[in-house]
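Engineer:
Numbering (my numbering), first residue to last: 8 to 193.
1. Buried or exposed, going by whether 16 or more other CB atoms sit within 10 Å of the CB of residue 174?
2. Look up residue 192 in the DSSP assignment and give the residues it is bridged to.
3. As an exercise, report each continuous alpha helix (DSSP H) stretch of at least 4 residues that is fully enclosed by the stretch 121 to 150, in chain order.
4. To the nearest whole angstrom, what separates the beta carbons of residue 122 and residue 136, a pair I think is in contact under 8 Å?
5. Based on Cα-Cα distance, which residue from 193, 164 and 89 lies nearest to residue 149?
6. Quick check: the Cα distance between residue 180 and residue 151, rounded to an integer number of angstroms?
7. So is residue 168 buried or exposed if we call it buried at 16+ other beta carbons inside 10 Å?
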């Protein structure tokens with residue numbers, strides 16, 4: 008499966024975007040402020056953490072077990088943090104009740120006995136995931152703050168059972184979500 012993440016064009020007017028040296032200076036200043044803030048926060052957290060009780064062993068074990076769950080094929084309702092899994096590798100799943108990056112909202116097969124080529128598979132994924140987005144998210148894609156990504160089959164997986172599957176994944180470009188985005192209507 009080849010992961011693909013869509014990116015909507017920026018709606019910020021060109022005059023409002025920073026360019027050149029101003030952009031570099033702004034980024035450097037923001038990075039310095041973030042680093043200083045993080046250092047102060049971490050120093051404070053370590054002092055507070057020493058006062059708090061340690062988590063029960065079962066909580067630690069549950070977290071570790073959830074992080075170790077993998078699957079060869081995605082199904083509707085699976086959650087994950089990263090799209091970048093190599094073709095043929097097991098896909099690490101994330102617990103949907105914890106913060107995660109992506110949720111599978113649809114899986115459908117691309118038809119054909121022979122692999123139709125990368126362009127045709129990408130077009131089928133774009134069209135198929137877009138037409139199925141509205142029903143899952145509870146709002147039209149064009150008006151949604153959410154976006155979608157997809158994983159597509161490759162020529163090598165085509166003969167396999169399920170080797171024609173496209174997995175559609177919904178995500179929030181603003182950051183990770185907790186729980187399902189089904190019916191989020193945003």
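For every residue, glycine included, the Cβ atom is placed at its ideal position computed from N, Cα and C.
Given the structure is predicted, the values throughout are model-derived calculations rather than measurements.
Structural biologist: From the atom records:
1. buried
2. Answer by DSSP bridge pairing: none, since residue 192 is not bridged.
3. 125 to 144
4. Incorrect: roughly 19 Å between the Cβ atoms, too far for contact.
5. 193
6. 11 Å
7. exposed
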